[in-house]
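Sequential numbering from 28 applies to the sequence shown in the numbering used here.
Beta carbons: idealized from backbone N, C-alpha and C, even for Gly.
Every value quoted in this text rests on a predicted model; they were computed, and no experiment measured them.
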Amino acid sequence: MIFQSKQKIVIASLLIFPSHSIYAQSETDTTNLGEITFFPKEGDLYNETNIQFLNSNADGSNNYANQSNSQNWKSSATTYKHQSHFSFAKNHTLGLLLAYSAIESDTKSTQYSNISNQIYISKKSYKWKGLQNPLFIYQTRLHEQLNNDSYNLDFNAEFSPNIFPAKSASTNSDGTVASGNNLFNIGLNLSKKMQNSNFIKSGISLNYYTETNYESSSSDNNSTKVDPYVSGSIFLQGQKFFNPKLAISLKGEFYYVAKKTYNYYYNGNSNGYSKTDPAYSVDGQLRIDYIAIENSFTLFSSFNYGYEFENKSYSSNGSASNNKNMYSTAIALGTTYLL
């Protein structure tokens with residue numbers, strides 16, 4: 028039972044690289060796509076479309092009932108995203124993010140019996156695909172930089188309703204990528220245009236997830252529920268323009284996920300549970316922006332590396348699993364444009 032929750036790492040890794048923040052900038056008197064302090068002018072419609080390729084790895088091991096068990100997960104995901112933000116009033120926007128993902132995961136399990144001294148190895152493959160739940164976004168600029176001594180302060184609130192069913196994958200049936208819960212998010216971003224075309228931005232966000240429900244994608248009558256939990260992140264980002272058309276930015280982000288409890292059911296009856304330690308992870312991003320048409324159209328590419336620190340999971344059968352070597356890489360290509 029304890030390894031069932033690890034399948035969720037594959038889908039959760041997609042959240043390591045969120046792209047719902049608007050990547051463009053407004054100077055004190057102009058709006059320039061490609062700069063990280065942007066806020067759309069009243070009446071503008073900001074759009075971003077991108078494709079992301081992600082690979083991830085995770086290992087787990089435990090000892091129970093005279094057996095030593097270990098598993099390795101290697102996953103790949105392709106995600107298509109589009110978001111639009113309309114500035115309905117000065118310093119106020121409403122936005123919507125839509126995403127479709129296709130994920131493949133290969134799992135290798137090794138069991139060693141302390142009694143028979145036998146080793147059993149099995150390999151299984153899983154697939155998930157479908158639409159993620161939509162994300163509705165409200166942003167407002169509470170304070171606007173009007174001179175070199177000032178700064179920008181933005182507040183955002185996000186809501187992702189539980190619309191699409193969340194189904195766990197099996198070896199003979201595909202799962203879905205929907206979260207299986209409602210998400211509420213609030214955040215603050217502080218940004219500033221410096222001298223010599225340099226920009227800096229930092230932020231903090233808090234997330235609350237309602238009870239998560241995973242249905243079985245096969246006819247085995249298994250289901251999983253995750254108790255409500257919270258998470259948060261902080262980031263720091265810097266950007267440098269080398270000429271009016273080319274910019275490079277570096278971003279570092281730290282993530283925290285509180286303890287999670289997975290409850291397992293068979294035919295509607297309780298079938299055990301597992302609990303996880305708090306999870307801590309970091310992510311680094313290198314991004315290149317090219318201003319194809321000033322104030323209208325940009326192209327960008329980015330590379331991310333994420334690493335989750337070692338933690339443990341505990342099962343109701345008395346076993347404990349060590350989770351380690353959890354890392355992911357992602358490459359994204361996209362465009363931003365104003366209408």
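For residue 108 and residue 359, what's the separation of their Cα atoms in angstroms? Translated into the one-based positions of the sequence shown, residue 108 becomes position 81. Translated into the one-based positions of the sequence shown, residue 359 becomes position 332. Between the alpha carbons of residue 108 and residue 359 lies a distance of about 10 Å.
Less than 8 Å separating the beta-carbons of residue 232 and residue 206? Counting from one through the sequence shown, the residue named residue 232 turns up at place 205. Counting from one through the sequence shown, the residue named residue 206 turns up at place 179. Not a contact, by the Cβ cut-off of 8 Å.
Any C-beta of chain C sitting closer than 8 Å to the C-beta of residue 249? The structure shown contains no chain C; it is built from a single protein chain.
Can you list the alpha helix (DSSP H) stretches of 4 or more residues lying completely in the region 238 to 271, in chain order? none
DSSP puts residue 91 in a beta bridge; with which residues? Here residue 91 is taken as the residue at index 64 of the sequence shown, counted from 1. Its beta-bridge partners are 94.
Buried versus exposed, by CB contacts within 10 Å (16 or more), residue 337: Counted from its first residue, the sequence shown places residue 337 at position 310. Residue 337 comes out exposed.
So, residue 111 versus residue 165, is the Cβ gap smaller than 8 Å? Locating residue 111 in the sequence shown gives position 84, counting from the first residue. Locating residue 165 in the sequence shown gives position 138, counting from the first residue. Result no, Cβ atoms of residue 111 and residue 165 do not sit closer than 8 Å.
Counted within 10 angstroms of its Cβ, other Cβ atoms place residue 221 as buried (16 or more) or exposed: Sequence index remark: in the sequence shown, residue 221 carries index 194 (1-based). So residue 221 counts as exposed.
Spatially closest choice to residue 80 from 281, 272, 129, 199, by CA coordinates: Here residue 80 corresponds to residue number 53 of the sequence shown, with the count starting at 1. If we check each option's Cα against that of residue 80, 129 comes out closest.
Helix, strand or coil, according to DSSP, for residue 138 in the structure here? Residue 138 sits at position 111 when you count from the first residue of the sequence shown. Looking at residue 138 - three-state DSSP - the assignment turns out to be strand.
First and last residue of the uninterrupted beta strand (DSSP E) at residue 282: Walking along the sequence shown from the start, residue 282 turns up at place 255. Where residue 282 is concerned, the enclosing beta strand (DSSP E) starts and stops at 273 to 284.
Taking C-alpha atoms, which residue in 219, 195, 288, 69 lies nearest to residue 4? In this structure the chain extends from 28 to 366, so residue 4 is not present and cannot be described.
How would you call residue 152, buried or exposed, if buried means at least 16 neighbouring beta carbons within 10 angstroms? Counted from its first residue, the sequence shown places residue 152 at position 125. By the 10 Å Cβ count, residue 152 comes out exposed.
Cβ-Cβ separation, residue 86 to residue 296 (assumed contact under 8 Å), whole Å: Locating residue 296 in the sequence shown gives position 269, counting from the first residue. Locating residue 86 in the sequence shown gives position 59, counting from the first residue. Between residue 86 and residue 296 the Cβ distance is about 32 Å, and since that is not below 8 Å, they are no contact.
Give me whichever residues DSSP pairs with residue 312 in a beta bridge. On the sequence shown, residue 312 is found 285 positions in, with the first residue counted as 1. The partner list for residue 312 (beta bridge, DSSP) reads 278, 331.
Assuming contact is defined by CB atoms lying nearer than 8 Å, are residue 228 and residue 172 in contact in what I supplied? Counting from 1 along the sequence shown, the entry for residue 228 is found at position 201. Counting from 1 along the sequence shown, the entry for residue 172 is found at position 145. Inclusion of residue 228 and residue 172 in the CB contact set at 8 Å is not warranted, their separation being larger than that value.
For residue 285, which residues in the same chain have their Cβ closer than 6 Å to its Cβ, ignoring the five residues on either side in sequence? As a first step, residue 285 must be located in the sequence shown, where it is residue number 258. Hits under 6 Å: 256, 257, 305.
Report the rounded CA-to-CA distance for residue 203 versus residue 355, giving the unit in angstroms. Here residue 203 is taken as the residue at index 176 of the sequence shown, counted from 1. Here residue 355 is taken as the residue at index 328 of the sequence shown, counted from 1. The alpha-carbon atoms of residue 203 and residue 355 are separated by roughly 20 Å.
Spatial neighbours of residue 103 in its chain, beta-carbon cut-off 6 Å, leaving aside the 5 residues before and after: Counted from its first residue, the sequence shown places residue 103 at position 76. Leaving aside the five residues that flank residue 103 on each side, the residues in its chain whose CB is nearer than 6 Å to its CB run, in chain order, 82, 131.
Backbone CA spacing between residue 31 and residue 146 [nearest angstrom]: In the sequence shown, the residue the question calls residue 31 occupies position 4. In the sequence shown, the residue the question calls residue 146 occupies position 119. Its pLDDT being 46, under 50, residue 31 is placed unreliably in this model, and the value from its coordinates should be taken loosely. The alpha-carbon atoms of residue 31 and residue 146 are separated by roughly 21 Å.
So for residue 27, helix, strand or coil by DSSP? This structure cannot settle anything about residue 27, because the visible part of the chain is limited to 28 through 366.
Using a threshold of 8 Å, state whether the C-beta atoms of residue 344 and residue 91 are closer than that. For the purposes of this step, residue 344 is taken as the residue at position 317 of the sequence shown. For the purposes of this step, residue 91 is taken as the residue at position 64 of the sequence shown. Yes, Cβ-Cβ distance for residue 344 and residue 91 is below 8 Å.
Under 8 Å, do residue 302 and residue 340 count as touching if we go by C-beta distance? If you number the sequence shown from 1, residue 302 lands on position 275. If you number the sequence shown from 1, residue 340 lands on position 313. Going by C-beta atoms, residue 302 is nearer than 8 Å to residue 340.
Any heavy atom of the ligand NAD within a distance shorter than 7 Å of the CB on residue 137? Only the bare structure without any ligand can be found here, which leaves the ligand NAD out of the picture.
Using a threshold of 8 Å, state whether the C-beta atoms of residue 334 and residue 325 are closer than that. Against the sequence shown, residue 334 aligns to sequence position 307. Against the sequence shown, residue 325 aligns to sequence position 298. Against a cut-off of 8 Å, the Cβ pair of residue 325 and residue 334 comes out as no contact.
I need the straight-line Cα distance from residue 266 to residue 273, nearest angstrom please. One-based indexing of the sequence shown puts residue 266 at position 239. One-based indexing of the sequence shown puts residue 273 at position 246. Going by the C-alpha atoms only, they are around 11 Å apart.
Using a threshold of 8 Å, state whether the C-beta atoms of residue 218 and residue 320 are closer than that. The residue given as residue 218 occupies position 191 in the sequence shown. The residue given as residue 320 occupies position 293 in the sequence shown. No. Outside cutoff.
Tell me whether residue 311 is buried or exposed, calling it buried when 16 or more other Cβ atoms sit within 10 Å of its Cβ. Translated into the one-based positions of the sequence shown, residue 311 becomes position 284. The residue is exposed, with fewer than 16 neighbouring Cβ atoms inside 10 Å.
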